[in-house]
Amino acid sequence: MAATSKPINQAPAIGGQQRTPQQANVWQRKSVQRMVQGAVAYVFLIAGSICFLLPLLWMFSTSLKPDSEVFQFPPRFLPTHWDWNNYVLGWTALPFNTYLLNTCLVTFSNVLGNLISCSLPAYGFARLKARGSNILFMLVLATMMVPFQVTMIPIFILFSKIGWVNTLLPLTVPAWFGWPFSIFLLRQFFMSLPRELDDAARIDGCSYFRIYWNIILPLSKPALATIAIFGFIGNWNNFFGPLIYLRSQELYTLALGLNLFRGQYVTYYNQLMAVSLLALAPILIVFFFTQRTFIQGIALTGIKG
Amino acid sequence: MQATLPTRRQGIGKMALREERAFWLFISPWLIGFLAFTGGPILASLGISFTEYSILSPPRFLGLENYRQLVEDDLFYKSVINTVYFVGVGVPLGLLLAFMMAIALNQKLRGQTWFRTIFYLPSVVSGIAVALLWGWLLNSDYGLINYMLSLVGIQGPQWLFSTTWVMPALILMSLWGVGGSMVVFLAGLQGIPEHLYEAAEIDGAGQWAKFWNVTIPMMSPVIFFNLVVTIIGAFQIFDQVYIMTNGRGGPANASLVYVLYLYRNGFEYFKMGYASALASVLFLIILGITIFQFAVARRWVYYEGGEPK
Chain D
92 MAATSKPINQ APAIGGQQRT PQQANVWQRK SVQRMVQGAV AYVFLIAGSI
142 CFLLPLLWMF STSLKPDSEV FQFPPRFLPT HWDWNNYVLG WTALPFNTYL
192 LNTCLVTFSN VLGNLISCSL PAYGFARLKA RGSNILFMLV LATMMVPFQV
242 TMIPIFILFS KIGWVNTLLP LTVPAWFGWP FSIFLLRQFF MSLPRELDDA
292 ARIDGCSYFR IYWNIILPLS KPALATIAIF GFIGNWNNFF GPLIYLRSQE
342 LYTLALGLNL FRGQYVTYYN QLMAVSLLAL APILIVFFFT QRTFIQGIAL
392 TGIKG
Chain R
3 MQATLPTRRQ GIGKMALREE RAFWLFISPW LIGFLAFTGG PILASLGISF
53 TEYSILSPPR FLGLENYRQL VEDDLFYKSV INTVYFVGVG VPLGLLLAFM
103 MAIALNQKLR GQTWFRTIFY LPSVVSGIAV ALLWGWLLNS DYGLINYMLS
153 LVGIQGPQWL FSTTWVMPAL ILMSLWGVGG SMVVFLAGLQ GIPEHLYEAA
203 EIDGAGQWAK FWNVTIPMMS PVIFFNLVVT IIGAFQIFDQ VYIMTNGRGG
253 PANASLVYVL YLYRNGFEYF KMGYASALAS VLFLIILGIT IFQFAVARRW
303 VYYEGGEPK
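Order-wise, the sequence lines are chains D and R.
Letter by letter, the first sequence follows residues 92 to 396 in our numbering.
Letter by letter, the second sequence follows residues 3 to 311 in our numbering.
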């Protein structure tokens, strides 16, 4: 920290040049400083928002364009008339209803599996004393960073030996055996709950499982909601797993369906954007309704880490 | 195992034993998952990397042959260089952008929640739909990005069809998803106690001095966290490249990233042994980066109340 040794009373440090005392005074006044700072922040934020929203608006606008306007140059920002039919045409061009059903099946199974199989170990790590528990927890932390791609070859071989390739099982079964990230998050949350509750219940003769089920879980709804939402988004968007394991089109998830559509209807950008938006719709809806939990959740993971 | 437990005080010993048994029961889902889907496969991957294996015929032991091939494989180097390019340029740019946005948001302005939602949204909707959207935005003839560039008199490049511009295009797209890091930064900024700034002001600190001597040191653990997480995430880039380059990593392998090359060997050529060698190297790279970061962190990350346990 070389910076600390520098004298730090040379405010304002914006620009190095000398100012007349009067200028400096106006500049130094707190309210003025605040205002300038606020204005700069606003300009930056508004410009940023436009950049961040434009792609999604463009997606929506493209999805409503009639075929003749998609490749117009210079492009129109709004279609001359809104062609909602693109959504119907795109969705029925391939069996997207089947893909949707498969995606829902995988997603909901995995969210449920995650909630159960992560909260159980999290409770064990947070509350129960046992030899070796610290070492095991270190193992949980260490495996948080292991990417899926490192282990996918042996797992693929395993699943292909037991005949699970081209079924939904490889995409659903592993979620029922814990996920280090969620275990860590839940364990941190459980640790923050007062231990007196457990002790009182123990004295009343409650089993560990009843404490977990009737005391810890009901108090942990915010953390469980975070896990559920993360799981929902992650599974809904998952591409790599289905790409490796699914062959028959009747098992495809939305991610694979979109990829297939892209390959077959290369130039139908309006329909492609329409089905992409439909595939995103559940995520957008979940996001808008659970924003608060979501943002708190992600902040929690960052700060505790 | 259990018989050797010290049972000097019978009652407590029994309780502790029951607690211990409960512990193992509770963690069993994770333990099975760890053995079957993480720990086991990491070791298996190492084992398979010493063989030639196509799943259909039994594995044939090769010793270090796969690794020897790796050292001579131009595409392996190409994929490492492309990935390092993506990580080395994309991660610093992304974190800088996320940090700036978080600081702007932390000014406690009206509409803060709205801005936060807007910035965060793209990182949530990632996935195939977004890769398809960016493929369209980056379309060299009809895409929005080249149209915007043409408005300011720049002839946009061929993006996904240019060996020079395909990686910058992927980086540009990744910048759209920095909202996740931003939210973490913002939470960190909001956690800095106000009294530190007040104390600095009493000492006569200006905006920059406060920024360098209060904000940055207090934020260093959060910056560190984001750095580790985004670097590891960026090393795994696959979906976007696969979708946007039709699974080819083109043009001329200019966007062949590491995981795509791994995928290609495993699931297009069915060279499980060679793919496992690649996976083991990836594991070592990520392990190395993580250890390096933690080692270096001691020098620059400031933890309030001393080192973390």
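A virtual CB, placed ideally from N, CA and C, is assigned to each residue, including glycine.
Contacts between R:Leu134 and chain D, judged by CB atoms closer than 8 Å, involve Leu349, Arg353, Leu363, Met364 and Ser367 in chain order. For the pair D:Phe330 and D:Ala184, the CB atoms are not nearer than the 8 Å cut-off. Looking at the DSSP output, R:Glu54 bridges to R:Arg62. Any Cβ of chain D closer than 8 Å to the Cβ of R:Thr40 would place that residue at the interface, and such an atom is present. Interface with chain R (8 Å Cβ-Cβ cutoff): D:Asn328 is included. Contacts between R:Thr119 and chain D, judged by CB atoms closer than 9 Å, involve Phe378, Phe379, Gln382 and Ile386 in chain order. In terms of beta-carbon proximity, D:Tyr190 stays away from the interface with chain R, with every pair separated by 8 Å or more.
With a 10 Å radius around the Cβ and a threshold of 16 neighbouring Cβ atoms, D:Asn225 comes out exposed.
Proximity of the stretch 185–200 of chain R to the stretch 218–228 of chain R meets the contact definition, three or more beta-carbon pairs being nearer than 8 Å. For the pair of segments examined, the stretch 89–104 of chain R was found not to touch the stretch 144–159 of chain R: the number of CB pairs separated by less than 8 Å stays below three.
With a cut-off of 8 Å on Cβ pairs, the stretch 161–177 of chain R is in contact with the stretch 245–259 of chain R, counting three or more such pairs. For R:Val298, the nearest beta carbon of chain D is not closer than 8 Å to its own beta carbon. Residue state for D:Phe300 is assigned as helix, using DSSP reduced to three classes. Not a single CB atom of chain D sits nearer than 8 Å to the CB of R:Phe101. Residue burial is scored here from C-beta neighbours: R:Lys273 has at least 16 other C-beta atoms within 10 angstroms and is therefore classed as buried. When CB distances to chain D are screened at a threshold of 9 Å, the residues of the stretch 20–33 of chain R falling below it are Arg20, Glu21, Glu22, Arg23, Ala24, Phe25, Trp26, Leu27, Phe28, Ile29, Ser30, Pro31, Trp32 and Leu33, in chain order. Going by beta carbons, D:Val202 and D:Gly322 fall inside the 8 Å limit. By the criterion of a C-beta distance shorter than 8 Å, R:Arg62 is surrounded in its chain by Thr53, Glu54 and Tyr55, once the five residues flanking it on both sides are discounted. When the beta-carbon positions are compared, D:Tyr190 and D:Gly348 come within less than 8 Å of each other. The beta carbon of D:Tyr303 sits closer than 6 Å to those of Tyr214, all from its chain and outside the five residues before and after it, given in chain order. Residue-level contact check: R:Thr292 touches chain D, since one or more beta carbons of chain D fall below 8 Å from its beta carbon.
Between D:Gly129 and chain R, the shortest Cβ-Cβ separation is below 8 Å. Under the 8 Å criterion on CB atoms, D:Val231 is classed as interfacial with respect to chain R.
Here R:Ala100 really is in contact with R:Ser183; their C-beta atoms are around 4 Å apart, less than 8 Å.
For D:Pro186, the closest Cβ of chain R is not nearer than 8 Å. Under the criterion of beta carbons closer than 8 Å, D:Ile318 and D:Leu277 qualify as touching, at roughly 7 Å. The DSSP-derived three-state label of R:Asp143 is coil. Residue contact with chain R for D:Val202: absent (no Cβ-Cβ distance below 8 Å to any residue of chain R). A distance below 8 Å separates the beta carbons of R:Val259 and R:Thr85. Counting other Cβ atoms within 10 Å of its Cβ, R:Thr115 stays below 16 and is therefore classed as exposed. In the three-state scheme derived from DSSP, where H, G and I count as helix and E and B as strand, D:Val256 is classed as coil. Contacts with chain D (Cβ-Cβ distance below 7 Å) from the stretch 229–262 of chain R involve Ile234, Gln238, Phe240, Asp241, Ile245 and Val261, listed in chain order. Among the residues facing chain D, R:Val126 is included, as its CB has a counterpart in that chain under 8 Å away. Selection R:Met102, R:Leu135 and R:Ile234 evaluated against R:Ile287 yields R:Ile234 as nearest (Cα-Cα). When the Cα atoms are used, D:Met236 and R:Lys212 turn out to be separated by approximately 34 Å.
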